[in-house]
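Single-structure report; data block below.
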Amino acid sequence: MKKKLLAVLLAATMVVSLAACGGGSDSSSSDGAATEDTSSSDDASSSDDAATDDAASTDDAAATDDSAAAGDDAAASSDDPWADVDTSEHVKIVYMTTGDAPSGDKLANYEAVMEQLNAILTEKVNAELETNFISWTDYLSNYNLTLARMDGTVDLVGTASDWLDAWPNAKNGAFLELSEDMLKTYAPKTWASVPAENWEMCKYNGEIYLMPEDNYAQWTNHGYIYRLDWAKEAGLADGVHSWEDMTTYWKYVKEAYPDITPWDSDGTHYAQMVSGWINSKTTYVPIDGINAGAMWGGTKEDLYTVYSPYVTETDSLVEYAKMMKEWDEIGVWKTDVLNNTASTNRDDFKIGKTAADQHHTQTWTGLCSPAQTSNKIFQDDPDAEVGFFYFGEESKNVVALSITHGAMAISAGSANPERALMVYDLLRNDPDCYKLFNYGIEGVSWELNDEGLRQAPEGYTDEKAGMVTNFWWGRNDDLEIRSAEINWDAVDKLYAEYDGIKIEYPYGQFVPEVDDIQAKIQNINEIHTNYMKQISFGKYSGTAEEIVAEYQQKLKDAGIDDVTAALQAQFDALYK
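Each position in the sequence shown, counted from 1, maps to that position plus 41 in the numbering used here.
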């Protein structure tokens, strides 16, 4: 079983979704900068026999001592919901997350935080927590390999349906099946706080495998972050609100600020750019987790008829190719953009050396905030403003983040799944544990100002007191403390705009079965990558019409219509 699982998960690492942002911010809190931030490659992607008989029998025995009706309420409201659980043996729970481990002074701070946290965990559930950081370098492969070992060295697993292979891992036996009784008994506050319809979104083959991060407001839809003050200088009084406005902005920046590279892209943004164009010019709603380009989906008007706009939207793609050629000729990026591995665009944007960045809303929330001291542009120019042109703005096409974009699972190899659930319940719902794990020690890593906002104490430096837990799998707005560094007026305004037009992600229960079409998907993904690098940065030869026709013919030859038909059959079985 382990050898089979290892082989399957190795194959699964080849399917990477763009909904996540690999490469990371050191912050696990919601300061508004990217929650899974990256300065280069931005985004990455996708058992029945998981539960052992012993675990199942233990769960049933613990959950059925009292009547179901009385037990639910008592467990959720009791001062000690685990009073009847045997916690006499002290255990270590290992939490696996993506991101680079802290080092130097930051490691010392992390260890001090964990000492305080583990004192609380020991008192409440007689357990201690240790973190297994999966470095961003080749993270998806290493993540899946660690899971596949099933050797009991991992208990809590941070996962995601759109960028960390949650469903393939559930399907292949890496995650433990979580019965309702088990959740009610060992994670009572989490169970009570998640609505029934959200638990439904966490099921594979009718069984729960994930605990969703469903009470945390975040937006990871992409767009262009730009200098709003410069856009106004360019005659765009209300800022940038279309791709055509971006062209106007680029031209002005190049003329008015000739020493500035408008956007020092590292050449990895090609897929986000074309998908952003499609989202802006159509009502396309992509399905997460099939391939890196999110190349199949429905439309807002017809969600459950599968198509690929990359073969149907020919005229629009030709228009896109022409515009990207124009941007290349303007000099938006460096001539060697496809080999520009040394780019520091985001850092340069903060000090006024570039005019734009391409990333998601959460990243913009940090870059638009003058109180963040790293944003030197606001210190150097009191009139500086940072705007955000979000993909989908023109067509009012915004899809809310899936609640399983961040979720917690229990490893099927865990020796202590019940205690792991208890620890997670505390990390997610206990105020003291939550603040320690997300923000660090009060007075060292953070403090409250007179307005009740979280700020850095005097003398704070991120190098010494920054907190690194990368807890992107259970953040809770009921316990969040807003950061004093964020421009909440701007952020709340944009979030309200999103809320007014968004649709909920409609495909949360769809777990694509791709074994029979995986080879075709991989070929299609390779074609998409090779051609979109050329098209998105205007580096193609010949006309826009010719390169798009060549690209689409390659997709058809690779079997894109067969994949569409196979996905449609699966949609019909689930939704119709």
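We treat Cβ as the ideally placed atom computed from N, Cα and C, and that holds for glycine.
Limits of the alpha helix (DSSP H) - the one that residue 531 falls within: 529 to 542
Pairwise C-alpha distance: residue 461 and residue 157: 18 angstroms
Residue 475: first and last residue of the uninterrupted beta strand (DSSP E) it sits in: First-last for residue 475: 472 to 480, but that is the alpha helix (DSSP H), not the beta strand (DSSP E).
Top-ranked residue by Cα proximity to residue 378, from 365, 390, 239: Taking each of 365, 390, 239 in turn and checking the Cα distance to residue 378, the smallest one comes out for 365.
CA-to-CA distance, residue 324 to residue 351, given in whole angstroms: When rounded, the distance between both Cα atoms is 13 angstroms.
Proximal residues to residue 512 (C-beta, below 8 angstroms), its chain only, five neighbours per side dropped: 69, 138, 199, 468, 478, 479
Beta-carbon separation (whole angstroms), residue 227 vs residue 605, contact threshold 8 angstroms: Not confirmed; about 43 angstroms, so no contact.
According to DSSP, residues forming a beta bridge with residue 452: 216
Sheet register partners of residue 487 (DSSP bridge): 483
Host beta strand (DSSP E) of residue 428 (start-end): 427 to 431
Cut-off 6 angstroms between Cβ atoms - residues of its own chain near residue 132, not counting five sequence neighbours on either side: Same-chain partners within the cutoff: 168, 457, 460.
Segment contact, 8 angstroms Cβ cut-off, at least three pairs: the segment 254 to 263 with the segment 394 to 407: yes
Cα-Cα separation between residue 180 and residue 335, rounded to whole angstroms: 20 angstroms
Sequence ranges, alpha helix (DSSP H) only - wholly within the segment 343 to 424, length at least 4: Every alpha helix (DSSP H) stretch that sits fully inside the segment 343 to 424 and reaches 4 residues is listed by chain position as 350 to 353, 355 to 371, 386 to 391, 402 to 408, 417 to 421.
N-terminal and C-terminal residue of the beta strand (DSSP E) that residue 137 is part of: Its beta strand (DSSP E) spans residues 132 to 139.
Contact check, residue 565 vs residue 332, beta carbons under 8 angstroms: yes
Contacting residues, own chain, Cβ-Cβ under 7 angstroms from residue 269 (five flanking each side not counted): 280, 426, 427, 428
Three or more C-beta pairs below 8 angstroms linking the segment 234 to 251 and the segment 492 to 505: no
Sheet register partners of residue 263 (DSSP bridge): 401
Per-residue burial, residue 616 [other beta carbons within 10 Å of its own, 16 or more giving buried]: exposed
Inter-residue Cα distance where the pair is residue 192 and residue 134: 13 angstroms
Three-state secondary structure assigned by DSSP to residue 221: helix
Reduced DSSP secondary structure (H/G/I, E/B, other) of residue 326: strand
Straight-line Cα distance separating residue 346 from residue 272: 39 angstroms
Under the three-state DSSP convention, the category residue 523 falls into: DSSP places residue 523 in coil when its eight states are reduced to three.
Simplified DSSP assignment, three categories, for residue 276: coil
Rounded straight-line distance, which links the Cα of residue 424 to that of residue 405: So the alpha carbons of these two residues sit roughly 18 angstroms apart.
Per-residue burial, residue 533 [other beta carbons within 10 Å of its own, 16 or more giving buried]: Residue 533 is exposed by the Cβ-count criterion.
Inter-residue Cα distance where the pair is residue 538 and residue 455: 43 angstroms
Burial state of residue 189, where buried means 16 or more other Cβ atoms lie within 10 Å: buried
Per-residue DSSP class, three states only, for residue 602: Helix, per DSSP.
Residue 442 at chain D interface by Cβ criterion, 8 angstroms: You won't find chain D in this structure, because it holds only one protein chain.
Own chain residues within Cβ distance below 8 angstroms of residue 380, not counting five before or after: 308
Between the CA atoms of residue 258 and residue 543 - distance to the nearest angstrom: 13 angstroms
Stretch-stretch touch, CB-based, cutoff 8 angstroms, three pairs: the segment 551 to 562 with the segment 590 to 609: yes
Where residue 612 falls: helix, strand or coil (DSSP): helix
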